[in-house]
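All remarks here apply to the structure that follows.
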Amino acid sequence: MSSHFLGNSVKLDNVYIASSGTTCGPLEFFGPLGSYFDKGYDDYHCGEKSFEKAERKMLREALDICLKREQLKLKDIDLYMGGDLLNQITTVNYLAREIPQPFIGIYGACSSFALSMAISSLLIEAGYVDKIVTLVSSHNATAERQYRYPVEYGVQKKATTTFTATGAVATLLTNQKTSVRVESITLGKVIDYNQNDPNDMGRAMAPAAYDTIITHFKDLKRSFKDYDLVVTGDLSTYGHKILKTMMQQNKIDVVHYDDCGCMLYDVHKQEVFQGGSGCACSALVTMGYLYPLLKEKKYKRILVVATGALLSPMLSAQKETIPCVAHAVSLEVVE
Amino acid sequence: MDRKEYDQLAEELKPNGHKISNAFHAFIYGGVIGIIAQGVLEFFMKTYKYSQKEATPLMIITLVFVACLLTGLGIYDNIAKHAGAGTFIPITGFANSMASSALDSKSEGLVLGIGSNMFKLGGTVLTYGIVSSSLLGVIRYVITLFR
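Chains as they are written, first to last, in the numbering used here: chain A, 1 to 335; chain B, 1 to 147.
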């Protein structure tokens with residue numbers, strides 16, 4: 001074992017990305033990155049009776065695509081890990097019934113993608129396991145139902161609202177050398193800046209993203225210039241603007257910075273308000289769009305900072321503020 | 001950066017809600033619903049020779065039916081996102097809140113789903129509607145005692 005925590009970060013030597021599978025819903029499929037995803041559905045039911053079943057079907061398909069690419073069977077993977085947005089992380093837990101191997105469910109709200117990648121990478125680096133598949137999903141209708149209003153409820157949404165992405169992503173991590181590796185990770189602290197509006201997640205999460213990025217740079221003695229691209233998970237247009245301004249006020253040079261929520265949709269043409277959010281948002285953009293670009297060596301090293309608002313509608317009603325978190329994963333081309 | 005400074009920064013960058021155009025849309029859509037309702041009322045009064053008192057419930061039932069139908073067809077929320085309070089305040093908003101809750105909980109079955117969730121959003125209106133009308137009734141009764 002070669003690595004130790006440097007502050008909240010770890011540099012890794014033996015963790016590689018071997019394969020991925022991505023499925024998405026209609027708006028993502030017809031969005032600017034639609035052609036990069038493995039499979040897209042043109043309706044939210046995906047031929048299933050309930051939205052929850054539809055979300056699970058998408059995740060199962062992403063998993064199958066991911067394993068098929070490497071000609072692996074479910075049994076060949078040592079461990080599965082994943083999370084989604086629903087209570088009791090039902091999508092992944094119920095899907096795990098079909099998996100004949102150990103499964104760890106995690107919850108980091110929309111940061112679940114980076115969190116599962118980070119924990120999996122640590123387990124592989126430590127030599128406990130050889131192959132791990134991480135699973136994340138979110139579905140607009142299941143999330144709206146649980147966190148906001150019924151799908152057909154006629155309500156005028158706030159300008160600061162974000163749109164939960166529909167999609168599922170499976171990623172295969174291994175200790176066998178491939179063309180892209182997980183270079184380092186930073187685990188985030190839970191940050192609460194006294195924001196209490198569940199319809200304004202970008203504003204609530206920006207301080208958490210700021211903290212994780214700064215910590216990552218400080219721990220590893222880096223700056224924005226060390227990356228070809230730094231993406232945050234789902235701050236969207238408003239949160240993206242706040243984060244950039246916060247950085248500039250603290251005299252940090254911001255270059256090559258974008259947000260997955262703004263990349264996944266055409267914010268001006270599609271009806272997504274400030275942009276995308278949800279576990280699938282950062283996962284789809286990273287594994288569907290950025291990972292192939294890394295494989296083609298268009299980028300050398302990128303930093304993915306997935307942000308999550310850990311709110312509960314019940315506690316929001318009790319006037320509690322929103323705790324937020326962000327975890328970072330750096331991906332690098334193997335020379 | 002402390003929390004106060006952060007709030008200041010966030011407020012400065014906040015995207016503009018279109019308050020004036022929202023109010024204008026609500027006025028127009030709400031007004032149009034009012035005109036339609038008046039038309040339906042006149043229709044019942046003229047065609048079936050009902051008095052206004054008899055025709056009013058029929059008009060309300062018609063509006064509720066249309067709102068529920070549009071909710072089921074997935075059209076209502078598309079209108080409501082432009083209309084805002086224009087469709088939310090009239091009885092159509094109440095019909096939509098019940099129909100959309102019922103649709104949403106269809107997957108959990110008749111008893112645990114539709115039955116218990118139908119009033120999830122509309123329940124507030126009913127509870128406080130009944131409470132306040134009972135209170136007003138009591139006040140009115142007390143006033144009549146002293147007249």
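Where is the CB? At the ideal position from N, CA and C, for every residue including glycine. Note that the structure is predicted; figures quoted are calculated from it, not measured.
Reference residue i, options the options, closest by Cα
i	options	result
F273 (chain A)	A:A280, A:K57 and A:L264	A:L264
H18 (chain B)	B:V138, B:I60, B:N78 and B:G84	B:G84
R3 (chain B)	A:G47, A:N196 and A:V92	A:N196
R301 (chain A)	A:T245, A:R181 and A:I213	A:R181
G123 (chain B)	B:G109, B:S132 and B:S97	B:S97
G129 (chain B)	B:F94, B:L9 and B:T47	B:F94
T134 (chain A)	A:N194, A:L72, A:Q88 and A:C66	A:C66
K295 (chain A)	A:Y16, A:H4 and A:Y257	A:Y16
E183 (chain A)	A:P292, A:M205, A:E61 and A:H216	A:H216
L229 (chain A)	A:C260, A:L311, A:I104 and A:T212	A:C260
C262 (chain A)	A:H256, A:G276 and A:V254	A:G276
D77 (chain B)	A:E152, A:R69 and A:I106	A:E152
L13 (chain B)	A:D200, A:S19 and A:Q156	A:D200
E98 (chain A)	A:L59, A:F113, A:S111 and A:Y107	A:L59
A18 (chain A)	A:S3, A:Y41 and A:E70	A:E70
H268 (chain A)	A:T245, A:S236 and A:T286	A:S236
Sequence-distant residues of its chain with Cβ nearer than 7 Å to residue i (five each side left out)
i	result
L284 (chain A)	T22, C24, E28, F37, A165, G167, V169 and L264
L85 (chain A)	A109, S138, A143, G278 and C279
Y238 (chain A)	T160, G202, R203 and Q274
A37 (chain B)	M59 and L63
Y94 (chain A)	R56
A208 (chain A)	G188, I191, T307, C324, V325 and A326
F5 (chain A)	none
S179 (chain A)	K295, V333 and V334
T56 (chain B)	L41
Rounded straight-line distance, which links the Cα of residue j to that of residue i
i	j	result
T71 (chain B)	K81 (chain B)	13 Å
Y80 (chain A)	I322 (chain A)	29 Å
F224 (chain A)	C324 (chain A)	22 Å
L74 (chain A)	G83 (chain A)	18 Å
Q88 (chain A)	D7 (chain B)	33 Å
S316 (chain A)	A10 (chain B)	20 Å
G288 (chain A)	Q270 (chain A)	20 Å
I28 (chain B)	P32 (chain A)	35 Å
R222 (chain A)	S121 (chain A)	21 Å
S330 (chain A)	P198 (chain A)	29 Å
N250 (chain A)	V305 (chain A)	19 Å
T171 (chain A)	D211 (chain A)	26 Å
Q248 (chain A)	L220 (chain A)	20 Å
Helix, strand or coil at residue i [DSSP, three-state]
i	result
S111 (chain A)	helix
V92 (chain A)	helix
A206 (chain A)	helix
V10 (chain A)	strand
M81 (chain A)	strand
D2 (chain B)	coil
R60 (chain A)	helix
C324 (chain A)	strand
Y48 (chain B)	coil
V255 (chain A)	coil
M1 (chain A)	Confidence is the limiting factor: at M1 (chain A) the pLDDT is only 47, short of 50, which leaves the residue's position unreliable, though a coordinate-based value still follows. Reduced to three states, the DSSP call for M1 (chain A) is coil.
E48 (chain A)	coil
K53 (chain B)	helix
S312 (chain A)	coil
E332 (chain A)	strand
F273 (chain A)	coil
F103 (chain A)	strand
K300 (chain A)	coil
K39 (chain A)	strand
E12 (chain B)	helix
I75 (chain B)	coil
E98 (chain A)	helix
Residues near residue i by beta carbon distance below 6 Å, same chain, minus five either side
i	result
H45 (chain A)	A54
N175 (chain A)	N14, I124 and D130
P102 (chain A)	L79
A102 (chain B)	I114 and M118
M1 (chain A)	Only weak support exists for where M1 (chain A) lies, its pLDDT of 47 falling under 50; the value from the coordinates is given anyway. Here the set comprises A126.
E52 (chain A)	T142
D104 (chain B)	none
V231 (chain A)	D258, C260 and V304
Check: residue i C-beta below 6 Å from any heavy atom of the ligand NAP
i	result
L70 (chain B)	Looking for the ligand NAP in the displayed structure turns up nothing, as the structure carries no ligands at all.
Own chain, CB closer than 8 Å to residue i, minus 5 neighbours either side, in chain order
i	result
I33 (chain B)	L63, G86, T87, P90 and T92
Q52 (chain B)	L41 and M45
Y299 (chain A)	D228, L229, L290, L293 and V333
Q146 (chain A)	L85, L86, N87 and P313
Which runs of the beta strand (DSSP E), 3 residues or longer, sit entirely within the region 187-250 of chain A? 229-232
4-residue-minimum alpha helix (DSSP H) runs that sit fully inside the region 112-181 of chain A, ordered along the chain: 112-125 and 140-147
Taking only runs of the beta strand (DSSP E) that begin and end inside the region 81-132 of chain B, which ones reach a length of at least 3 residues, in chain order? none
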